[in-house]
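Please read the structure below before turning to the comments.
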């Protein structure tokens, strides 16, 4: 799988940009603020319909423009696919696939990407929300249909949370809350089941990747941490879900938790159970990485999570993988953050990738084995360095 061509209209700093990627390895070189990350951000957006830098689409639209358009050609399994997304502020985005109108969700899964960026340090040191997003992105890459469940869950959660805030002061019938409970449990059960499968599949790849980038650093292990593994009044895993629990079985446990927690939820006005409260547990040896890992160890953990994801998606042969599921690997300004040992280990792991897109302030930051074709980004212009 490769992106062979990218065209941007009013995306970020670019009024109109046309880029051709001619090789498996491409390094975009430019000073900070010149727009090199904007290019790989656009590639990533076509893969997930989200940015790895901002939470909303508004900053992606060039100032003064009424929309932004991202178009790309993707070579996949011997075919050339044309994909396009138009971003409209305050309105629904639109999409096209091979010149025909499509729903944006229909594009998810056509192009797979894995992005490693300086912000990934927050996967280890930051709040659970970033790790939940990491798991959800992986779930969507493995099973694109789960994107609909994630979107629907967020909508139902907002509706239910709003009702909890008003129900405390309202009198009478809570029937509507019962209905929202059932819907939240149904969607939440599917999401938790998908996350558990994804994390279980990812774990051995993360362990192997960590060993390769930090051979003297011990063992890195990940697991899915859910409040459904203990009773509502306990902080200990006194009632763990069965390893092979189905989405329906998980939904029933979640519904039971919601029922038991309702008095507290009405008092606080917040939803106290569900996948929005879960986390990805990362451990180094016997200790949690967050709070105990050094800066270098945290970088190694973050790198292992991304490399592990890349390896998992490369070997994934599920029904949604297609004939060429190997993702495009994007390394966004990371080499300047890594020491020599981690640079070499990263380079060794990715030299055989179908396509690697790298951004760097100076070409010398990138190991020679990974530079490939070099594109200079300067003042909104992209030129090939011969």
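Numbering (our numbering), first residue to last: 2 to 387.
All residues carry an ideal CB built from backbone N, CA and C; glycine is no exception.
Is the beta carbon of residue 71 less than 7 Å from the beta carbon of residue 86? Indexing the chain shown from 1 puts residue 71 at position 70. Indexing the chain shown from 1 puts residue 86 at position 85. Their beta carbons are under 7 Å apart, which means residue 71 touches residue 86 by this criterion.
Give the DSSP-derived three-state secondary structure of residue 329 in the structure shown. The residue you call residue 329 lines up with position 328 of the chain shown. Residue state, collapsed to three classes: strand.
Suppose contacts are defined by Cβ-Cβ distances below 7 Å. Is residue 333 in contact with residue 75 by that definition? Against the chain shown, residue 333 aligns to sequence position 332. Against the chain shown, residue 75 aligns to sequence position 74. No, the pair does not count as a contact, with Cβ atoms beyond the cut-off.
To test your reading of the DSSP string, which unbroken beta strand (DSSP E) runs of 3 or more residues are found completely within the region 66-140? 69-77, 80-88, 95-98, 101-103, 114-117
Where residue 177 falls: helix, strand or coil (DSSP): Looking up residue 177 in the chain shown gives position 176. Residue state, collapsed to three classes: helix.
Is residue 382 close to chain D, meaning its C-beta is less than 7 Å from at least one C-beta of that chain? Among the chains in the structure shown there is no chain D, since it carries only a single protein chain.
Backbone CA spacing between residue 185 and residue 153 [nearest angstrom]: In the chain shown, the residue the question calls residue 185 occupies position 184. In the chain shown, the residue the question calls residue 153 occupies position 152. Cα to Cα, residue 185 sits roughly 9 Å from residue 153.
With a Cβ-Cβ cutoff of 7 Å, do residue 189 and residue 270 count as a contact? By one-based count along the chain shown, residue 189 stands at place 188. By one-based count along the chain shown, residue 270 stands at place 269. Not a contact, by the Cβ cut-off of 7 Å.
How long is the line joining the alpha carbons of residue 32 and residue 38, rounded to whole angstroms? Within the chain shown, numbered from 1, the residue matching residue 32 stands at position 31. Within the chain shown, numbered from 1, the residue matching residue 38 stands at position 37. Approximately 11 Å between the Cα atoms of the pair.
Would a C-beta distance cut-off of 7 Å place residue 9 and residue 59 closer than the cut-off? Against the chain shown, residue 9 aligns to sequence position 8. Against the chain shown, residue 59 aligns to sequence position 58. Taking 7 Å as the Cβ cut-off, residue 9 and residue 59 do not qualify as a contacting pair.
Measuring CA to CA, which of 215, 51, 61 is closest to residue 12? Taking the chain shown and counting its residues from 1, the one referred to as residue 12 is at position 11. Looking at 215, 51, 61, the one whose alpha-carbon comes closest to that of residue 12 is 61.
Simplified DSSP state of residue 268, which is helix, strand or coil: For the purposes of this step, residue 268 is taken as residue 267 along the chain shown, with counting starting at 1. The three-state reading of DSSP puts residue 268 in helix, counting H, G and I together.
Start-to-end residues for the beta strand (DSSP E) that takes in residue 41: On the chain shown, position 40 is the one that residue 41 refers to. Note, residue 41: premise wrong, no beta strand (DSSP E); alpha helix (DSSP H) at 37-49.
Through-space distance from residue 287 to residue 28, alpha-carbon basis: As a first step, residue 28 is located in the chain shown; it is residue number 27 there, counting from the start. As a first step, residue 287 is located in the chain shown; it is residue number 286 there, counting from the start. Whole-angstrom Cα-Cα distance: 39 Å.
Give, in chain order, every unbroken run of the alpha helix (DSSP H) that is at least 4 residues long and sits entirely within the region 237-313. As far as the region 237-313 is concerned, its whole alpha helix (DSSP H) runs of at least 4 residues are 248-269.
Work out the CA separation of residue 364 and residue 36 for me, nearest whole Å. As a position in the chain shown, residue 36 is number 35, starting the count at 1. As a position in the chain shown, residue 364 is number 363, starting the count at 1. Using only the alpha carbons, I get a separation of about 16 Å.
Stretch pair the region 192-203 + the region 283-297: three plus CB contacts closer than 8 Å: no
Measuring alpha carbon to alpha carbon, tell me which residue in 117, 129, 198 is nearest residue 45. Stepping through the chain shown from its first residue, residue 45 is reached at position 44. The shortest Cα separation from residue 45 among 117, 129, 198 belongs to 117.
When you compare only the Cα positions, how much space is there between residue 254 and residue 146? As a first step, residue 254 is located in the chain shown; it is residue number 253 there, counting from the start. As a first step, residue 146 is located in the chain shown; it is residue number 145 there, counting from the start. Distance between the alpha carbons of residue 254 and residue 146: 23 Å.
Between which two residues does the alpha helix (DSSP H) holding residue 150 run? Numbered from 1 along the chain shown, position 149 holds the residue referred to as residue 150. Counting along the chain, the alpha helix (DSSP H) containing residue 150 begins and ends at 147-168.
Inspect the CB distances between the region 202-214 and the region 257-268 and report whether three or more fall short of 8 Å. no
How should residue 197 be labelled, buried or exposed, when 16 other C-beta atoms within 10 angstroms of its C-beta is the threshold for buried? To locate residue 197, count along the chain shown from 1; it is residue 196. Looking at its Cβ environment, which holds 16 or more other Cβ atoms inside 10 Å, residue 197 is buried.
Give the straight-line distance between the Cα atoms of residue 92 and residue 104, rounded to the nearest whole angstrom. One-based indexing of the chain shown puts residue 92 at position 91. One-based indexing of the chain shown puts residue 104 at position 103. Straight-line Cα distance between these residues: approximately 14 Å.
Can you tell me the Cα-Cα spacing of residue 324 and residue 356, whole angstroms? Position 323 of the chain shown, counted from the first residue, corresponds to residue 324. Position 355 of the chain shown, counted from the first residue, corresponds to residue 356. Summary for residue 324: the model assigns pLDDT 49, below 50, so the residue's position carries little reliability; its value from the coordinates is reported in the next sentence. Rounded to whole angstroms, residue 324 to residue 356 spans 16 Å at the Cα level.
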